[in-house]
Amino acid sequence: MRILKLGGSVVTDKDRPFTPATGNIMRLADEIESSGPQPLVVVHGGGSYGHPVAKEHSISGGLKRRDQLAGFSRTHQAMVELNRIIVDALLDAGVPAFSLSTSTFVTTTARRVTELDASIVRALLGHGMVPVLYGDAVLDTQQGFAILSGDQLVAMLAHTLRAERIVMGCDVDGVYTADPKLARDARLIPRLSLRELDGMVRIGEALNTDVTGGMLGKVREATGAVEAGVEVVIVNAGEPGRVGAALRGEKVMGTVLIL
Ligand code: ADP
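Mapping of the sequence shown onto our numbering: position 209 corresponds to residue 209, and the numbering continues sequentially without gaps.
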């Protein structure tokens, strides 16, 4: 059982609102198709679909005014639109993908997942299908609604479904000693020990309008999964072949998270 996270920076052009990264999406669909028969769940991020809409309506801070309700729905709709593009590409590549709206089976409390009904995901996997979920605008028992990041969702699913491996595809080669987009002397860390993380790395916040935390958020969210014995590898999904290799369990350029 494998879970693949495709970052918003991989499946969209983060600088242009509502712009899919069509080339990446089609290539990744082929890599997924040829990655082997083991069960797979795909989770994607929001990029230039979900994030700008969520930000415009202050969704992550919760429900404060009635006029945010339409914004809550529009954030979800933006994700539905991106999800459709990704699922269609997977189907065209021959992957039996099936779209699931995260907000219909997950709720949070103070922005953390407290309810996740994985029965439909399990049933789809049982039929050999590939459920395709996404970070979403979800109902929150404390603040009305919230933004659930794809990264948090992946970690929770890995736990619930007892996944063997999580592959996190993003737009850099892995975790560096500093944000590689800002620091020229940043070095890739092939094996990142979570115990040694504090003080060792300056994992900055992501650029642009991402409201859910960049590389630091990714590593933090994955920590629980690593502790539960899940293999977590972070690779550059913009580089052809790396996601495919990581899904097959082959050695690939990237960062493996260890205890
Ligand atoms: P995604 O949209 O793929 O989920 P994010 O954009 O949220 O990913 O986070 C990945 C980004 O985090 C990278 O593109 C990079 O600019 C930034 N980043 C900050 N610090 C680091 C670091 N130490 N190593 C790698 N990337 C980092």
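Ideal Cβ placement from N, Cα and C applies to all residues, glycine included.
Computed from a predicted model, the values in this text were never measured in an experiment.
Are the CB atoms of residue 103 and residue 138 nearer to each other than 8 Å? yes
Cβ-based burial, residue 210 [other Cβ within 10 Å; buried from 16]: Confidence at residue 210 is low in this model, with a pLDDT of 48, below 50, so its placement is unreliable and no value can be given for it.
Put residue 246 into one of helix, strand or coil per three-state DSSP. helix
Whole-angstrom distance between residue 247 and residue 23, CA atom to CA atom: 20 Å
If you measure from the CB of residue 134, is any heavy atom of the ligand ADP nearer than 7 Å? no
Which residue from 46, 38, 227, 231 puts its Cα closest to that of residue 95? 38
Coarse secondary structure for residue 37, derived from DSSP in three states: coil
Cβ pair residue 60, residue 54 closer than 8 Å: yes
Rounding to the nearest angstrom, what Cα-Cα distance links residue 165 and residue 232 in this structure? 6 Å
Does residue 16 come out as helix, strand or coil in the three-state DSSP assignment? coil
Is residue 49 near the ligand ADP, with its Cβ less than 7 Å from a heavy atom? no
Along the chain, where does the alpha helix (DSSP H) containing residue 188 start, and where does it finish? Looking at the DSSP string, residue 188 is not in any alpha helix (DSSP H), and its letter there is neither H nor E.
Taking all protein chains shown into account, decide if residue 152 is buried (16 or more other Cβ within 10 angstroms of its Cβ) or exposed. buried
Given a cut-off of 8 Å, decide if residue 235 and residue 258 are closer than it, judged by their beta-carbon atoms. no
In chain order, each alpha helix (DSSP H) run of at least 4 residues that lies wholly inside the region 17 to 91: 22 to 33, 47 to 56
Roughly how many angstroms separate the alpha carbons of residue 25 and residue 11, rounded to a whole number? 6 Å
Assuming contact is defined by CB atoms lying nearer than 8 Å, are residue 50 and residue 144 in contact in what I supplied? no
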